[in-house]
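So the structure is just underneath, and the comments pick up after that.
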Amino acid sequence: MHANLPPSAPESYAAHATDLTKVYGTGDTRVVALDAVTVGFVRSQFTAIMGPSGSGKSTLMHCMAGLDALSFGSVRLGDTEISSLNDRQLTRLRRDRIGFVFQAFNLLPTLSAVENITLPMDIAGRKPERDWLESIIRTVGLADRLDHRPGQLSGGQQQRVAVARALAGRPDIVFADEPTGNLDSRSGAEILEFLRDSTTALGQTVVMVTHDPVAASYADRVVFLADGRIVDELHAPTAEAVLERMGRLTPAHQV
Amino acid sequence: MFRTALRNVLAHKARLLMTMLAVLLGVAFVVGTLVFTDTIGNAYKERYLTTLRNVSVQATPPYDEKTGEPGTVGEDTLRSLRRLSGVASVTGSVEGFAAVAAKDGHPLGEEDVTRAGNYFPQADGKDNRHPLTAGRAPTGPDEVLVDTSTADQGGYRIGDTVRLAIDGPVLHKKLVGIVRTDDISGSGGTLVLFDDATAQKLLLKPGHYDAVSLEADRGASEQRLAAEARDLLPENSEIHTGAQLRAQQQADAAEGAKGLSQVLLVFAAIALFVGIFVIANTFTMLVTQRSQEMALMRAVGAERRQVTRSVLIEAALLGLCAGAAGFLLGIAVAMGIRQLFASTGSGLPDGPLVVAPGTVLISFLVGVVVTMLAAYLPARRAAAVPPVAAMSALHTPPPVRSLRRRNAIGIALIVIGVLGVVYTASSGEEGRTTVLFPSVLLLIGIIVVTPALSGPAIALAGPLLRRFGVPGTLAPRNARRNPRRTASTASALMIGLSMVTGLTVVAVSATTSLHQRAENTVTADFEISSRSSGHLPASVHDTLAKSTAVTSSSPRREGAVRIRGDEVNLTGVDARSIADLLDPSFASGSLAALGAGGGKNLLIDTSTAEMHGWTMGQRVPVVYADGSRGTLRIGGIYRSDEFLPATMMPLATLQPHLKKIEDSSVLVHTKDGDGETVRRSLQRALDQNPLIRLRNTDDLAESAGGESITLLLNVLYGLLAMAVVIAVLGVVNTLAMSVFERTREIGMLRAVGLQPEQTKRMIHLESVLISLFGALLGIGAGIFLGWAAGKLASDSIQGYEMVIPWGRIAVALVGAALVGVVAGLWPARRAARLNVLTALKAD
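And the structure:
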C-alpha cells in the first residue's frame, strides 16, 4: 500500500526514493528492512519519519543519505541518482550536499566549536560563505562559544554545534537521526526550533528520524513507517495527533 | 581468577599478538645470543680437537737471548726424537709469511693471515696437519700447495703458476696440490705450503724448524714422552702435552665466547627494555578498555588484589607463550648473528647449533618476568577503578592525572644526568665507566618528561601539516590526545635512536679526525710498505726514485743505536725531500734542521722527548750498531703521531753505520696525486709484487683504525636493529589502539565526507609524527651522549674533534618517517575500511 504522495511536482523534491528496497542477509536469515518504499521530501520542508523500533526508519534515512547501499530501487538527490554512485562519489555527495545531525552529537573532541562547524567544508577544501556561516552561528546562538572544545560545552550546546555543522555547507538536505535523544527537554526544544527555523527562515530541507511525538510535532509533515513500508502520513501535526497515529500502528505495550 | 585471565588472553588475541611480538623478539634475541655463543664455543672446541688430534707433545724452542730471534730446532734433534720409544711420528714445522697474488694480480688475504709453511710428509707421504684435497705433495723448490680458500679466492687451479712474495722479489711457483685447512683463520686468510727444504730456505734457515710436535703410539703416555723429549730439545723449550694444549685452547675459546655473549646480552637487554614500554602501553590500553569489566568484578566482590592478580596472571600467560615462540625464533636469530659476524670476515668456524638446557629455561623466565614487570603498573591502576564505575552507563576514560609530579621528577633526573655526564666526561680516565650511570639517569629523565614534552613538540609541527588539509589538522591533535601513550611509544624509539646516534657521532668523529690527521701530517701521496710486518728491500726505494711519476721520495730506514745505555730506534730520512712528504707539527725547531748542522741534528717526537727527558738543543752521545760513536743534537721536537716515525735524522748520517739496508716504508710524492692511475703505474713499476702495499692518506687512516671503527659500528647497528624493530611494533600497536578507540569518530568523519585515503593519511601523519618525535628526542640525547663519550675518548684518539654527522642524522630522520609510514600501514588501512554505519554505532 502506497501512501498518498504530496501534491507537488517531482522537481520540487530535495530527495526522492522510488521502490526503495533494502534486504539484509539471505536464505533463512533474510530480512526485508525496506519494502519498495516510494517517498519524496519536498524542498524547504521539515519532515519527520516515525515508526516503531524495527520499522525501517533509520534504514530509510541511511539509504537516502548515501550511508548504506540499497538492494533495489532508486534514490534521487536533486538530479543525482545516488544508487549508481561508487563509494568515492557517495562520500563526496555526503560532504558537499548532505548535512548530518546524530543522536550522540559526534563532534571531534580535538576541534573547537567553529572548527567542528566548518569541518565538512575543510575536508572539501572549500571556503565557507561568511555571511551564511555567521547567520547560522547567530541562529544557533554560539557566537561567544566558538573557540570552546566540545568537552567544555553542555550537551545542548554540543548538539547546536552539530546542527550548525549540518547547515554550514548549505546542503541540499539535512538528515537528523534522533537529534534530541540525548538531551533534556529544554535543550531538545531549542534544537527542534533551530531545525524548523532553518526550513522556514533559511529555506533548508530537513528530514528527521525520531520516536518522540513531541519532536515530530515540530515538523511540517510526519511520515509513518511500519515493517518497512510507509503506512501513514500527517501534515501540520500536533503531538497528540502523532501519538494517536502511533498508537494505531503499535500494540499498546510497545509504545 | 585464573580462568578469567585465560579467557581474557583468548578474547583479545589480535591485540595481544602485538604485545607478544615485543616480548617474543626480546626473548629471541637473548636466546639467539646464548645459542650463538654456545655454538661457536662448541665449534672452536671441535676444531681444536681436530687440529690437535695428532699432537701428543708440542715443543717450541726459546728465543735466542743474544739476537732476540726465535729459536729453532735442528733436523738432528728431530732424528733423535724419532728414536724415542712410543713415538709414532715427529713433525717439524716451519712457519712464516707469504703474500699471494690472485691470478689477476691483486693481492689476496688480510694482512695478518697470509701464512706460509712447510709440507712435512710422514712415512706414508702425507702431512696430517694439511690433508690434501687434490693434487700431490710438493717436491723441489718450484712447487707449492695452497689451501682451498686461497685457490678459490685467487682463481687458481692445479698446474697454474702462483705469484707470491716472501720478503723480496716476486716468485713464480707451480701449483701442484690443494689442501684443506682446519685452522681458525679460515675465511679471508691465505696459506701457501712448500716442501720442507724450500720452506726452510725461504722462511727460516736450511735444516731447521720453528717448532716440533710428536705423535705418540697408541697407549703411550704423553707425560713420559714430554719428559723424555725435554732432554733432547734445546734448553728452556716450551713443552706441552696434547692434553694441556687442548685444555688451554678450549678454555681460551670458552673465554672468548663468554666475552662475546656478554656484549650481545647487553644489546638483548636494551631490546627487552624497549619491549617493556610496548608491553606496558598495551596493557594500559587493554585495561582502560576493560575498566567497566574490572569495576564489575570489584562490584561483585573481587578484592583489589584479586583484580591486580588477574591482570598479572594474564601477563604471565602471555609471557609464557612469548617465551616459547621467542625460543624458536631465537634459534633463527642465532643463525642470523652468525651470518652478521661472518660478513665482517671474522671467520667463525662452522658447527652444529648447540641449545643448552639452561637456554630453554632462560627463554621462558625472561618472557614471563619481563611481561609481568611491564604489566605491573597497569595492573595496579586497573584495580584502582571504583566499583561504582560499573554502574555508569557510558564508557568513561579514567581522569587525566596531573603530570606535575612526574615532570618534577623527570627534570630533576635530567639535571642530575646532564651535570653527571658533563662532570664525568671532563674527569678523564676514570670517567669512562662512571659516565654510564648519569647517562642512564638522563635517558630515564627524558622518558619521564616525554609526556609533557610531546604536546608542545607536536604542536610545533601543526603549521607544517596544514597543507594536508583536515587530516593534517587532526593528526597532530590526535597525537596529543593521550600524552602518556604517545610518550611511551616515542620513548621506545628514542632509546634505540639515542644509542645509534651516540655511537655514530663517536665513530664518525673518530674516523674523520683520523683522516684529517693523516691528511695533515702525511703530505706524501703514497706510503709504500710490506704487507708482512717485515721490511722492504732497498731496491724498492731505488725503483720508485727512478720512476718518472715520482717527483720526490724518501725511505724510512731504521737503525738501532744506544744512547746512554738505552736502546733507541733512529729513523733515517732523506733530508732534502722529507719536507715534501711529511708535515709534523713542531713544538720547537723545524724539518729544516735535518739539512743543517752538518747532518748532526736529530728530530724527536714529544713522547720520545718525555721518555728520555731530552730537551731542545741538547747533545746526546750515540753508539751505532757498528760500534762507532758520535754526537747528535736535538734539533726539533714535534707532536707524536702514529703516522710519523718517533725520530728523524739525515739518512746520510745514519746509513754508513747500518748492517743491513732495508726500509720500514718508502714515502713518495707523485706528479699526478694519489689517484688509482698513479697507484697502478707504481704497482707496475714494482712488478705487481703482492708483498708490497701502496697506501694513500685515506688508506693510512683506514688502516690506523678507520676501517675497524666502521666495521664495529655496522655490527652495533645490526645489534641495535632489534630494539628499533620492537619500537616500531610499539608504534603499530599504539595506532591500532587509537583507531580502535576512535572508531565512532572515524565513522562520523567518513559520514560527513572524509574520503578513505584522507582517513588513511590522517593515521599515517599521526604515526609519522610520533615516530619523528621519538627520533628527534633520541637524536638530541644521542648527540649529547656522543659528545660526552667523545670527550672521554679524546685522550686516546689524538686530534679528536666532534663531528656531527648531519648526513646520517638526516638519514635517521627519513628512516624514522618511513618507520612511521610503515607502522601506520595496517592501522590506517583498518581505519579507512571501517564501515561507516557500524563505526557510528560503536561505543
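Chains as they are written, first to last, in this note's numbering: chain Y, 941 to 1195; chain W, -13 to 829.
Idealized CB from N, CA, C, for every residue including glycine.
For clarity, every value in this text was computed on a predicted model and none was experimentally measured.
Got a sec: is the Cβ-Cβ distance from Y:Phe1164 to anything in chain W below 9 Å? no
Mind checking whether Y:Ala908 and Y:Val1149 have CB atoms under 9 Å apart? No answer is possible for residue 908 of chain Y: the residues shown for chain Y start at 941 and end at 1195.
How many Å lie between W:Ala432 and W:Gln248 at the Cα? It should be pointed out that residue 432 of chain W corresponds to Ile in this sequence rather than to Ala. The alpha-carbon atoms of W:Ile432 and W:Gln248 are separated by roughly 27 Å.
Neighbouring residues, chain W, relative to Y:Gly1065 (Cβ below 7 Å): Gly455
I'd like the list of long-range same chain contacts for W:Thr77, defined as Cβ closer than 6 Å, with 5 residues on each side in sequence excluded. Phe106, Ser199
Does Y:Glu1116 get closer than 9 Å to chain W when you measure Cβ to Cβ? Per the sequence shown, the amino acid found at residue 1116 of chain Y is Ala instead of Glu. So, not an interface residue.
Could you tell me whether the Cβ of Y:Pro1119 comes closer than 9 Å to any Cβ of chain W? No, Y:Pro1119 does not count as interfacial toward chain W.
How big is the Cα-Cα spacing for W:Arg681 and W:Leu778? 30 Å
Check W:Gly832 in the structure and name its three-state DSSP category. Absent from the model: residue 832 of chain W. The displayed extent of chain W is -13 to 829, so no value can be given.
So, does the CB of W:Gly441 fall closer than 9 Å to a CB anywhere in chain Y? no
For W:Arg615, which residues of its own chain have a beta-carbon under 6 Å away from its beta-carbon, when the five flanking residues on both sides are left out? Val609
Span of the beta strand (DSSP E) holding W:Pro607? Residues 605 to 609.
Quick one: which chain W residues come within Cβ less than 9 Å of Y:Pro1068? Chain W residues near Y:Pro1068: none, gap ~13 Å exceeds 9 Å.
Any beta carbon from chain W within less than 9 Å of Y:Glu1021's own beta carbon? no
Which residues, taken in chain order from the segment 1044 to 1063 of chain Y, show a beta carbon closer than 7 Å to some beta carbon of chain W? Cβ contacts with chain W: Asn1046, Leu1048, Thr1050, Leu1059, Pro1060, Asp1062, Ile1063.
My assumption, with CB atoms under 8 Å, is that W:Pro676 sits in contact with W:Ala85. Please give the rounded CB distance. The Cβ separation is near 4 Å, so the contact holds.
Compare the C-alpha of W:Arg830 against each of Y:Asp1027, Y:Leu1174, Y:Gly1065 and name the closest. In the structure displayed, chain W extends from -13 to 829; residue 830 of chain W sits before or after that span and is not available.
Have a look at the DSSP bridge pairing and note the partners of W:Glu224. W:Thr46
For W:Met734 and chain Y, any beta-carbon pair shorter than 9 Å? yes
Rounding to the nearest angstrom, what Cα-Cα distance links W:Ser223 and W:Ala74 in this structure? 21 Å
In the DSSP output, which residue or residues are listed as bridge partners for W:Ile430? Bridge partners of W:Ile430: none, in fact.
Could you give the first and the last residue of the continuous beta strand (DSSP E) run that contains W:Ser832? What the structure shows of chain W is the stretch from -13 to 829, and residue 832 of chain W is not part of that stretch, so it cannot be assessed.
In chain order, what residues of the segment 1027 to 1039 of chain Y put their CB closer than 9 Å to some CB of chain W? Asp1027, Arg1028, Thr1031, Arg1032, Leu1033, Arg1034, Arg1035, Asp1036, Ile1038, Gly1039
Alpha carbon to alpha carbon, what distance is there between W:Leu351 and W:Ala737? 49 Å
Can you tell me whether W:Ala817 is helix, strand or coil according to DSSP? helix
Short of 7 Å Cβ to Cβ, which residues in the segment 983 to 1015 of chain Y face chain W? His1002, Leu1007, Asp1008
Can the beta-carbon of Y:Asp1036 be found closer than 9 Å to that of Y:Pro1111? yes
According to DSSP, residues forming a beta bridge with W:Ile620: W:Leu588
In chain W, what lies closer than 9 Å to Y:Phe1042 by C-beta? Met734, Ala737, Leu826
Taking Cβ positions only, does W:Pro469 come closer than 9 Å to chain Y? no
Are there three or more Cβ pairs, one per stretch, closer than 8 Å when the segment 712 to 719 of chain W is compared with the segment 249 to 266 of chain W? yes
Closest Cα partner of Y:Leu1123 within the set Y:Asp968, Y:Thr1058, Y:Leu1017, Y:Ala1044: Y:Ala1044
Is the segment 787 to 798 of chain W touching the segment 478 to 487 of chain W in the sense that three or more CB pairs, one from each, lie closer than 8 Å? yes
Residues of chain Y with CB closer than 7 Å to the CB of W:Gln741, please, in chain order. Arg1028, Thr1031
In the structure shown, what three-state DSSP assignment does W:Met602 receive? Correct three-state label for W:Met602: coil.
Taking Cβ positions only, does Y:Arg1105 come closer than 9 Å to chain W? Judged by the 9 Å Cβ criterion, Y:Arg1105 is in contact with chain W.
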